[in-house]
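Taking my numbering, the leading residue of the sequence shown gets 263, the next gets one more, and so forth. Beta carbons are placed, not taken as given, at the ideal position from N, Cα and C, and that holds for glycine. As C-alpha cells, the structure follows; a few thoughts come after it.
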Amino acid sequence: MNSFNATDAGRVTSTGETRSPSARRPEMITWQGIHEPRLEQVRLLLSSDQRLRASGRLVAAGPDEQFNASFEVSVGESGQVNRLLLRTATVLEERQCSLSRTEDGAWLVDHGQGSKRETFNDALDVDVQFAVLFNAIPIRRLGLHREPGEHALPVVRVSLPDLSVKAVTQTYKTVSVADDVSVVRFKSGGFEQNVKVDPNGLVLEYPLISKRI
263 MNSFNATDAG
273 RVTSTGETRS
283 PSARRPEMIT
293 WQGIHEPRLE
303 QVRLLLSSDQ
313 RLRASGRLVA
323 AGPDEQFNAS
333 FEVSVGESGQ
343 VNRLLLRTAT
353 VLEERQCSLS
363 RTEDGAWLVD
373 HGQGSKRETF
383 NDALDVDVQF
393 AVLFNAIPIR
403 RLGLHREPGE
413 HALPVVRVSL
423 PDLSVKAVTQ
433 TYKTVSVADD
443 VSVVRFKSGG
453 FEQNVKVDPN
463 GLVLEYPLIS
473 KRI
C-alpha cells in the first residue's frame with residue numbers, strides 16, 4: 263500500500279484543501295505600514311501558473327484611520343480575478359462587498375442588497391486600497407517581474423473602509439529584472455512609486471505604503 267503524502271498532486275491536504283498538480287505549499291506573508299500603523303497579513307496559495315488563492319486581514323490603527331478589513335480572493339489560471347469577498351469594520355459600522363467576474367467578462371457587485379452588473383471597462387484586476395497583495399495580481403499575470411513590459415490597465419478599485427467601487431486606470435512598467443528582486447513602477451493618477459517584488463511577483467517594499475516583515 264502506498265503511503266499518504268499531503269503534497270501529492272490532486273490529493274486532499276490535512277487542512278481539507280484539494281491541491282492541484284501545479285500548486286505550492288501555503289505560506290503566510292505579513293506587511294507593515296511604513297508611515298502609518300498598519301498591518302496586512304495573508305495566507306497565500308500560489309500555483310506555478312498565475313493562479314492564486316488568498317485570505318487576509320488588514321488592520322489600520324492610525325489617528326485618521328481606524329478599521330479592520332478581511333478578504334478572500336481567487337485568481338484563475340489566466341491571471342484574472344474571479345471572485346473577491348471583503349468585510350470591513352469601524353467603530354460605527356460593519357460593511358461587506360462581493361465582486362464576481364462572469365464568463366462574459368462583466369462583474370457582479372453586491373454590497374448586501376443584491377447584485378449589480380458592471381463592466382468596469384473590461385477590467386481583469388482588482389486593487390484594494392492599502393492591501394499590497396493585489397499589486398501582485400497584474401504583475402504575475404503580465405510577467406513584469408520576469409521580462410520587461412509596460413501596460414496601462416483598467417482596474418476595479420475598492421476603497422477602504424467604505425468599500426466603494428469604481429473603475430480606474432493604473433500603469434505597471436518594468437524597471438529592472440533580477441533573480442532575487444525586480445522593480446516595477448506603479449502609477450495611478452498623480453501617484454507613482456517603484457515597487458520591489460520577489461521572484462513570485464509579490465511585494466517586498468512599496469515606498470510610502472508597506473514593506474514585508
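Considering Cα atoms alone, identify which of the options is closest to residue i.
i, options, result
"Ser-340", "Phe-453, Ser-317, Leu-464, Ile-401", "Ile-401"
"Val-390", "Glu-289, Pro-299, Gly-318", "Gly-318"
"Ala-414", "Leu-404, Arg-300, Ser-310", "Leu-404"
"Gly-374", "Arg-357, Thr-364, Leu-386", "Arg-357"
"Val-335", "Tyr-434, Arg-305, Ala-440", "Arg-305"
"Glu-412", "Gly-367, Leu-425, Tyr-434, Arg-419", "Tyr-434"
"Ser-366", "Asp-372, Ala-351, Ala-385", "The amino acid occupying residue 366 in the given sequence is Asp; Ser does not appear at that position. Here the closest residue by C-alpha is Ala-385."
"Val-321", "Ser-309, Glu-298, Gln-312", "Glu-298"
"Leu-425", "Gly-451, Ala-351, Ser-444", "Ala-351"
"Val-337", "Asn-383, Arg-286, Thr-381, Leu-307", "Leu-307"
"Pro-288", "Val-417, Arg-300, Ala-316", "Ala-316"
"Leu-381", "Ser-310, Asn-397, Thr-364", "Note that residue 381 corresponds to Thr in the displayed sequence, not to Leu. Minimum Cα distance to Thr-381 is reached at Thr-364."
"Glu-327", "Asp-442, Phe-448, Phe-392, Phe-453", "Phe-392"
"Val-420", "Asp-372, Val-443, Ile-291", "Asp-372"
"Lys-449", "Pro-325, Ile-291, Arg-286, Asn-397", "Asn-397"
"Glu-302", "Pro-325, Phe-329, Arg-286", "Phe-329"
"Arg-286", "Gly-324, Arg-300, Ser-310", "Ser-310"
For residue i, list the residues DSSP reports as bridge partners.
i, result
"Ala-414", "Thr-433"
"Phe-396", "Phe-396 is not bridged to any residue."
"Gln-375", "Partner(s): none; Gln-375 has no beta bridge."
"Asn-456", "Arg-447"
"Asn-330", "Val-321, Ala-351"
"Ser-472", "Gly-295, Tyr-468"
"Leu-361", "Leu-346, Val-371"
The beta strand (DSSP E) that contains residue i, what's its start and end?
i, result
"Ala-322", "314 to 323"
"Gly-295", "289 to 295"
"Val-353", "Val-353 -> no beta strand (DSSP E), and no H or E assigned at all."
"Val-388", "387 to 390"
"Arg-305", "300 to 308"
I'd like to know whether the C-beta atoms of residue i and residue j end up nearer to each other than 8 Å.
i, j, result
"Leu-346", "Val-388", "yes"
"Leu-464", "Ile-399", "no"
"Trp-369", "Ser-362", "yes"
"Ser-332", "Arg-349", "yes"
"Ile-497", "Leu-422", "This structure leaves residue 497 out entirely; the chain is present only between 263 and 475."
"Glu-409", "Val-457", "no"
"Val-459", "His-407", "yes"
"Pro-473", "Gln-294", "Residue 473 is actually Lys in this sequence, not Pro. Yes; because the gap between Cβ atoms is below 8 Å, this pair is in contact."
"Val-418", "Tyr-468", "no"
message: Across the region 424 to 431 and the region 453 to 464, are there enough close Cβ pairs to call them in contact, namely three or more that are closer than 8 Å?
response: no
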